[in-house]
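In order, the protein sequences belong to chains A and B.
Read in order, the letters of the first sequence correspond to residues 1 to 192 in our numbering.
Read in order, the letters of the second sequence correspond to residues 193 to 373 in our numbering.
Here a beta-carbon is modelled for each residue, glycine too, at the ideal position from N, C-alpha and C.
Because the structure is a prediction, the values reported are computed rather than measured.
The block underneath contains the structure these notes are about, expressed in structure tokens.
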Amino acid sequence: MARPKPPTLQVKAFADHHVITQPNPLRGVMRYVEDKDFDDPVARAEQALQDLSGEFEKWMSIECDRLAAAHAVILKDGFSALARDELFRAAHDIKGDAATFGYPTAGATAESLCRIIEHAPDLTKVPGDLIAHHINAIQAIVREQSNSQRIGVANELSKRLRGVADEYLVAINRERPEHLEAVLAPSIVPGD
Amino acid sequence: MYRIDFNKLRFLVCDDNAHMRRILRTLLHSFGAREVYESEDGATALEMFSHYVPDIVITDWSMPIFDGLELAQMIRQPDANGNPYAPIIMLTGHSEKRRVTLARDAGVTEFLAKPISAKGLYQRIMNVVANPRPFIKTKNYFGPDRRRNTTNSYVGPERRTGGAMEVMQQPSLLDKARMPG
């Protein structure tokens, strides 16, 4: 696709800054359509996601295996920077993806684990059970997802783990105001 | 009613998670996009950014080699290759206020907290296409205007001086991150 020539910049100079404006380079992609001709792209995308949802159980299982593998490395060799990063990324991906895949409770539990990894001053001093219970809970929640009778148990388990983790993080960060503030701050995600 | 011709837009998607890239690709193609380039780390994304000159960049934050925040900082080099004014949408599992502030100060245009939704992504794209903000260049910042309201209450060290400046009337990046969808 041939790219149009970049539009001319207008630069206004002030005492300690410049303000740079340009004619909207993307204005050519906006188009007016009559209401009757409006083909809702959001509805189309939601349907496409729905069509893809048959893959989500398998994807969630892969994410859980990755988390368990990252934890196994730490149990074997301890917390190296590399191992810590991999555990965080695996948990963080579940935090971000799980609700989309239909596993919101697993996502909430993964968020709690991410907070421990991010805000504990020394991961080698975090009780091993606290991390292990989070990982076991995520795996169990995903495994039992299809059992509607277990949904209440999953929610309760996730809330209790978050409570224990938060209690630990508040206590351990008493002398670290920046982390304490982050631990106590509400999430920006709507509905959290 | 205005709509976007997505088939005229070129996207660069950067996320280390293959499942999330697949979700993004599915959403963008459903919107009508044809050109969607993908990268799994910040370094490769930067190369692709220079090579393909995308109209819009959608990046994750947490990635190996260098992350989405560093990618945004490297794109926002006024004299760099590529288009330093390209809109950057940060799509991330991070959901803390301080992260939104860090992203804003790195030059990120829009912030979208996961879990992703078709509506949330569409709204962010619509916003960068329809309402581009002026860019500000200071000694230590180059990126979209961070002022989103007209209050003059801010008196911190980064307060700009030297004359009045029109301000885009928009919710702050943090308020927008908190919006549902």
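Asked: Measuring CB to CB, does A/Leu52 end up less than 8 Å from B/Thr218?; Found: yes
Asked: For my contact list, A/Tyr103 and A/Leu130 are in at a C-beta cut-off of 8 Å; report their separation, rounded to the angstrom.; Found: Not really, about 21 Å apart at Cβ, beyond 8 Å.
Asked: With a threshold of 7 Å on Cβ separation, who are the neighbours of A/Glu111 within its own chain once the five nearest residues in sequence on each side are excluded?; Found: Lys95
Asked: Taking Cβ to Cβ, would you say B/Asp247 is nearer than 8 Å to B/Ala278?; Found: yes
Asked: Can you pull the DSSP bridge partners for A/Met30?; Found: B/Ile196
Asked: Cα separation between A/Arg84 and B/Ser222?; Found: 37 Å
Asked: Does DSSP put B/Ala225 in a helix, in a strand, or in coil?; Found: coil
Asked: Which residues in the same chain as B/Arg226 place their Cβ atom closer than 7 Å to its Cβ, once the five residues preceding and following it in sequence are excluded?; Found: Asn199
Asked: Which whole-angstrom value describes the C-beta separation of B/Val317 and B/Ile196, a residue pair presumed to lie in contact below a C-beta threshold of 8 Å?; Found: Just to set this straight, residue 317 of chain B is Ile in the shown sequence, not Val. Rounded, the Cβ-Cβ distance is 7 Å, consistent with contact.
Asked: Step through the CB atoms of chain B and report whether any lies within less than 8 Å of the CB of A/Ile172.; Found: no
Asked: Quick check on the DSSP output: the alpha helix (DSSP H) that includes B/Glu302 runs from which residue to which?; Found: Note, B/Glu302: premise wrong, no alpha helix (DSSP H); beta strand (DSSP E) at Glu302 to Ala305.
Asked: Grouping DSSP H, G and I as helix and E and B as strand, with all else coil, what is A/Pro121?; Found: coil
Asked: In the DSSP assignment, find the unbroken alpha helix (DSSP H) run with A/Ala68 in it and report its ends.; Found: Phe56 to Asp77
Asked: Kindly list, in the order they appear in chain B, the residues whose Cβ is closer than 9 Å to that of A/His179.; Found: Ordered by position in chain B, no residue passes the 9 Å Cβ test against A/His179, which lies about 11 Å from the chain.
Asked: Three-state secondary structure (DSSP) at A/Gln145?; Found: coil
Asked: Name the chain A residues whose beta carbon is nearer than 8 Å to that of B/Glu288?; Found: Ala182, Ala185, Ser187 and Ile188
Asked: Strictly by DSSP, which residues pair up with B/Ser231?; Found: B/Cys206
Asked: Excluding sequence positions up to five away, which residues of its chain have a Cβ less than 7 Å from the Cβ of A/Val11?; Found: His18 and Ile20
Asked: Where do the ends of the beta strand (DSSP E) carrying B/Pro336 lie?; Found: Phe334 to Pro336
Asked: May I ask you to list, following chain order, the residues of the segment 227–249 of chain B that have a beta carbon less than 9 Å from some beta carbon of chain A?; Found: Glu227, Val245, Asp247 and Ile248
Asked: A/Gln22 to B/Asp337, Cα distance in whole Å?; Found: 13 Å
Asked: When burial is assigned at 16 or more other CB atoms within 10 Å of the CB, is A/Val33 buried or exposed?; Found: exposed
Asked: Give me the chain B residues within the contact set of A/Ile20, using Cβ-Cβ distance strictly less than 7 Å, ordered along the chain.; Found: Pro326, Phe327 and Lys329
Asked: Distance, Cα to Cα, A/Ala120 vs B/Leu304?; Found: 26 Å
Asked: Based on the DSSP secondary-structure assignment, which residues constitute the bridge partners of A/Lys12?; Found: A/Val19
Asked: Quick check on the burial criterion: 16 or more other C-beta atoms within 10 angstroms. Buried or exposed for B/Asn323?; Found: exposed
Asked: Should the segment 204–211 of chain B be regarded as contacting the segment 233–244 of chain B, the criterion being three or more beta carbon pairs within less than 8 Å?; Found: yes
Asked: By alpha-carbon positions, which one of B/Val320, B/Ile257 and B/Thr330 ends up nearest to A/Leu26?; Found: B/Val320
Asked: Taking Cβ positions only, does A/Asn155 come closer than 8 Å to chain B?; Found: no
Asked: Against B/Asp271, what residues of chain A qualify as contacts under a CB-to-CB distance less than 7 Å, listed in chain order?; Found: Result: empty, since nearest Cβ-Cβ is about 13 Å, beyond 7 Å.
Asked: Does the CB of A/Ala99 have a neighbour CB from chain B at under 8 Å?; Found: yes
Asked: What residues in the segment 302–325 of chain B have a beta carbon less than 7 Å from any beta carbon of chain A?; Found: Ala305, Lys306, Pro307, Ile308, Ala310, Lys311, Tyr314, Val321, Ala322 and Pro324
Asked: Excluding five sequence neighbours on each side, which residues of the same chain lie with their C-beta closer than 7 Å to the C-beta of A/Gln145?; Found: Tyr103
Asked: Could you tell me whether the Cβ atoms of B/Thr251 and B/Leu283 are closer together than 8 Å?; Found: yes
Asked: If I follow the unbroken beta strand (DSSP E) through B/Thr251, where does it start and stop?; Found: Ile248 to Thr251
Asked: Quick one: what's B/Phe284 bridged to in DSSP?; Found: It should be pointed out that residue 284 of chain B corresponds to Thr in this sequence rather than to Phe. Answer is B/Ala305, bridged to B/Thr284.
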